[in-house]
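Residue numbers (numbering that gives the first Met the number 0): 0 to 183. From the three backbone atoms N, C-alpha and C, an ideal C-beta is built for every residue, glycine too. The structure presented is a predicted model; accordingly, all values stated were derived computationally and were not measured.
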Amino acid sequence: MLDDLSTYDRPIGDLFPVPASAREWERFRLSDEQVEFFREHGYVSGIRVLSDGQVETLREELRGLMNPSHAKRRLFYEYHANESTDPARVLFHALGAWRAAAGFHDLLWHPAFTVASSQLLGGAAVRFWHDQLFCKPARHGGVVAWHQDYSYWTRTTPLAHLTCWVALDDATRENGCVHYVPGS
């Protein structure tokens, strides 16, 4: 049987070191200005949450997960990949990578997410709802229509949740990136 990483309720590796002191935790806090910007506009951006090494580790895991014959594919809640034989044109969408890959599992406990998320939710404890991988080649279809994530979450109340979006590749206007509507 394959190891389902959802059975582990803490990090299993050392990709995202856990701070050893209160001072170390503090470096993950957002500034008062960032929190206020979020309250006013509904998003905050430009926060570097991953080192180059962490990004490369996650990219490597992602390359393996995108293979439809990946040994842990059955652990995903959803898994969609087109059948293109051209790796530059593969579209990929999946939920559940945290169950199949150690880096994506441990990302859930990364203080850069948990500390900032708690701040933005008014100091509330943070609970993971789900992960999602969405990969598309630059300048290729697969456009995601304008939407509010809240419309997909029927078991919660406003401002009791948020989305943490992280690009593992450069996301620019030219190659297709996320856009946020201020105040939405």
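Let me confirm a value: residue i is counted as buried when at least 16 other C-beta atoms fall within 10 Å, else exposed. Which label applies?
i	result
Y78	buried
F103	buried
L61	buried
V17	exposed
S116	buried
V125	buried
Give the DSSP-derived three-state secondary structure of residue i in the structure shown.
i	result
L57	helix
F91	strand
H129	coil
H40	helix
A96	helix
A80	strand
Any chance the CB of residue i is under 7 Å from a heavy atom of the ligand SAH?
i	result
D105	Although the ligand SAH was asked about, the structure shown includes no ligands whatsoever.
Alpha carbon to alpha carbon, how far is residue i from residue j?
i	j	result
H40	D169	23 Å
P67	N81	9 Å
A100	F15	14 Å
N174	K135	10 Å
A159	S183	15 Å
C176	G122	30 Å
Q190	H109	Within the shown structure, residues of the chain are numbered from 0 to 183, placing residue 190 beyond reach of any answer.
A70	V114	33 Å
H59	F27	With the sequence shown as reference, residue 59 is identified as Glu, and His is not the correct amino acid for it. Approximately 25 Å between the Cα atoms of the pair.
S30	T162	19 Å
P181	S50	28 Å
E23	R72	36 Å
A19	S5	24 Å
T171	Y179	13 Å
D13	Y7	14 Å
R268	W145	Because the chain in this structure spans residues 0 to 183, residue 268 falls outside the shown range and cannot be described.
T156	Q147	14 Å
E25	R9	20 Å
Taking Cβ to Cβ, would you say residue i is nearer than 8 Å to residue j?
i	j	result
Y76	G52	no
A21	L64	no
L107	F127	yes
D130	W164	no
D3	L57	no
D105	I11	yes
F112	V43	no
F36	L119	no
V54	L132	no
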